[in-house]
Amino acid sequence: MPVLVMKFGGTSVATLDRIARASKRVAREVANGYDVIVIVSAMSGKTNELVGWVEETSPLYDAREYDAVVSSGENVTAGLMALRLQEMDIPARSWQGWQVPVKTTGAHSAARIEDIPRDNITAKFAEGMKVAVVAGFQGVSPEGRITTLGRGGSDTTAVAFAAAFDAERCDIYTDVDGVYTTDPRIENKARKLDKIAFEEMLELASLGAKVLQTRSVELAMRYKVKLRVLSSFAEYDPEAGTLVCDEEEIVEQNAVAGVAYSRDEAKLTLVSVADRPGVAAAIFGPLAEAGVNVDMIVQDISEEGRTDMTFSCPVGQVTRAEKALTAAKEAGQINFHDLVADTNVSKVSIVGIGMRSQAGIAAKMFDVLAREGINIKVITTSEIKISVLIDRKYMELAVQALHDAFELEKAS
1 MPVLVMKFGG
11 TSVATLDRIA
21 RASKRVAREV
31 ANGYDVIVIV
41 SAMSGKTNEL
51 VGWVEETSPL
61 YDAREYDAVV
71 SSGENVTAGL
81 MALRLQEMDI
91 PARSWQGWQV
101 PVKTTGAHSA
111 ARIEDIPRDN
121 ITAKFAEGMK
131 VAVVAGFQGV
141 SPEGRITTLG
151 RGGSDTTAVA
161 FAAAFDAERC
171 DIYTDVDGVY
181 TTDPRIENKA
191 RKLDKIAFEE
201 MLELASLGAK
211 VLQTRSVELA
221 MRYKVKLRVL
231 SSFAEYDPEA
241 GTLVCDEEEI
251 VEQNAVAGVA
261 YSRDEAKLTL
271 VSVADRPGVA
281 AAIFGPLAEA
291 GVNVDMIVQD
301 ISEEGRTDMT
311 FSCPVGQVTR
321 AEKALTAAKE
331 AGQINFHDLV
341 ADTNVSKVSI
351 VGIGMRSQAG
361 IAAKMFDVLA
371 REGINIKVIT
381 TSEIKISVLI
391 DRKYMELAVQ
401 ALHDAFELEK
411 AS
């Protein structure tokens with residue numbers, strides 16, 4: 001039998017009624033002739049509750065026990081869905097990560113999947129099981145301990161299973177009906193895309209779009225897994241949602257596919273850094289060790305042996321960054337006069353594989369922002385992306401203006 005992977009997020013399994021609704025979708029695919037692997041998240045809000053219990057019990061918690069606690073939410077959902085399917089006379093059973101086994105690294109709370117042997121689940125399919133309901137987000141370390149993949153890890157679990165079992169497709173069921181040209185809550189003319197290329201989706205996910213976890217898109221692109229994003233609440237439609245696929249499968253393509261944003265960014269500037277070989281490593285090494293996610297980086301022209309170094313990071317990591325850089329200065333690793341933090345900025349980006357072959361996209365973006373009176377603080381580009389850092393108060397205006405300027409409400 002061909003294999004289909006279906007993943008249901010927390011909102012899709014938030015109540016027993018929603019688990020029953022999701023089970024009906026699974027039953028339809030079984031009737032269509034598939035052996036189905038279902039990946040489930042914890043019921044909406046449960047993981048946050050479990051994390052809160054851990055932090056309240058032990059502020060400096062053992063990461064191994066953290067994983068043991070927070071992974072339990074997925075076990076509950078998997079068991080409940082298997083029971084619901086059994087009540088519908090569909091041969092189903094639940095699987096925890098260690099039972100498959102989903103083999104991961106030993107980095108607790110941030111593990112990476114290394115291997116998913118097919119033997120156990122394939123044997124059960126051969127015995128007549130039609131649905132394997134697998135707890136997402138979790139695996140087992142080389143030491144035999146439960147691990148978790150980080151928030152949003154069930155998406156990664158689903159894609160990894162689709163790759164391991166050569167699934168025909170991986171359907172990601174969520175509370176939105178696909179991938180949009182931008183956030184419909186900000187721009188009411190946002191349009192749902194029928195198809196989007198892996199590279200575009202990867203950029204959009206990394207730039208703030210919340211539809212798919214970045215690592216899941218990376219895996220899908222590497223192993224050529226067809227991903228479909230669709231709503232678990234909409235009526236059944238075999239053509240629904242957005243297909244994330246190879247660029248070659250998209251016949252017509254706008255230069256810009258979407259506008260993404262990240263609201264809570266910060267801009268930090270090291271003023272008058274001693275400009276010498278190795279200065280960048282001396283700055284960003286301590287930041288990496290402190291777990292600061294550095295994004296945009298700009299270095300000013302050096303004058304008289306001094307330069308300014310500016311970078312962006314999530315606003316919640318500013319204190320950590322300041323401590324790391326101050327400690328590095330006190331240790332004599334770097335020399336700078338001042339550290340200035342601007343915590344009222346946002347990042348706005350345009351993404352599109354069509355930008356590779358169409359000139360003038362950057363000029364148009366900058367002109368649009370200038371006409372709206374929006375000052376650009378930092379710019380970074382790649383082959384299919386242009387990102388700018390602007391004052392947070394202008395973020396929504398920038399998203400709307402760019403969406404209009406590139407006519408993203410129109411299909412290509």
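For the sequence shown, position 339 (counting from the first letter as 1) is numbered 339 according to UniProt numbering, and the numbering increases by one without interruption.
Virtual Cβ for every residue (Gly too), placed ideally from N, Cα, C.
Predicted model only: the values in this text are computed from it and were never measured.
Alpha carbon of residue i to alpha carbon of residue j, nearest angstrom
i              : j              : result
alanine 321    : valine 292     : 6 Å
threonine 182  : alanine 63     : 36 Å
methionine 395 : methionine 365 : 14 Å
isoleucine 113 : glycine 79     : 23 Å
glycine 332    : glutamate 303  : 21 Å
threonine 242  : glycine 178    : 5 Å
alanine 405    : valine 368     : 7 Å
tyrosine 61    : glycine 52     : 12 Å
valine 5       : leucine 207    : 26 Å
threonine 319  : alanine 328    : 14 Å
lysine 267     : asparagine 375 : 14 Å
alanine 363    : alanine 370    : 10 Å
isoleucine 379 : leucine 408    : 22 Å
serine 387     : valine 176     : 25 Å
valine 3       : arginine 118   : 12 Å
alanine 324    : valine 298     : 19 Å
arginine 25    : glutamine 96   : 22 Å
threonine 122  : alanine 401    : 51 Å
glutamate 56   : leucine 287    : 28 Å
threonine 326  : aspartate 275  : 17 Å
Residue i - partner residues in DSSP beta bridges
i              : result
methionine 1   : In the DSSP output, where bridge partners are listed per residue, methionine 1 has none listed.
proline 314    : Glu265
valine 217     : According to DSSP, valine 217 bridges with nothing at all.
lysine 46      : Its beta-bridge partners do not exist; DSSP assigns none.
alanine 92     : Val131
aspartate 171  : Met6, Arg228
isoleucine 297 : Phe311
With 16 other Cβ atoms within 10 Å as the buried cut-off, status of residue i
i             : result
valine 340    : exposed
lysine 46     : buried
tyrosine 236  : exposed
alanine 220   : buried
histidine 108 : buried
methionine 1  : exposed
histidine 337 : exposed
aspartate 35  : buried
tyrosine 223  : exposed
lysine 7      : buried
proline 59    : exposed
For residue j and residue i, believed in contact at Cβ under 8 Å, the rounded distance
i              : j             : result
isoleucine 172 : aspartate 67  : Going by Cβ atoms, the distance from isoleucine 172 to aspartate 67 rounds to 23 Å, so no, they are not a contact pair.
alanine 197    : aspartate 155 : Rounded, the Cβ-Cβ distance is 18 Å, inconsistent with contact.
residue 419    : glutamate 74  : Nothing about residue 419 can be reported from this structure: the residues present for the chain run from 1 to 412 only.
valine 30      : lysine 130    : 5 Å
residue 414    : lysine 385    : Residue 414 lies beyond the residue range present for the chain, which begins at 1 and ends at 412; the question has no answer from this structure.
valine 134     : valine 159    : Incorrect: roughly 13 Å between the Cβ atoms, too far for contact.
glycine 150    : alanine 110   : 5 Å
heavy atom of the ligand GDP below 8 Å from residue i C-beta
i                 : result
phenylalanine 233 : Ligands displayed in this structure: none; no statement on the ligand GDP is therefore possible.
| task | Inspect the CB distances between the stretch 269-280 and the stretch 298-317 and report whether three or more fall short of 8 Å. | result | yes
Q.
Would the stretch 73-88 count as touching the stretch 186-203 if we require 3 or more Cβ pairs under 8 Å?
A. no
- Task: Could you tell me whether the stretch 171-187 touches the stretch 210-230, where touching means 3 or more Cβ pairs closer than 8 Å?
- Result: yes
- Query: Taking contact to mean at least 3 C-beta pairs separated by less than 8 Å, is the stretch 261-268 in contact with the stretch 333-348?
  - Reply: yes
How about the stretch 281-298 and the stretch 312-321: do they share at least three Cβ pairs that are nearer than 8 Å? yes
Count the CB pairs spanning the stretch 16-28 and the stretch 109-127 that are closer than 8 Å, and state whether there are at least three. no
- prompt: So, do the stretch 69-78 and the stretch 29-42 have three or more beta carbon pairs nearer to each other than 8 Å?
  reply: yes
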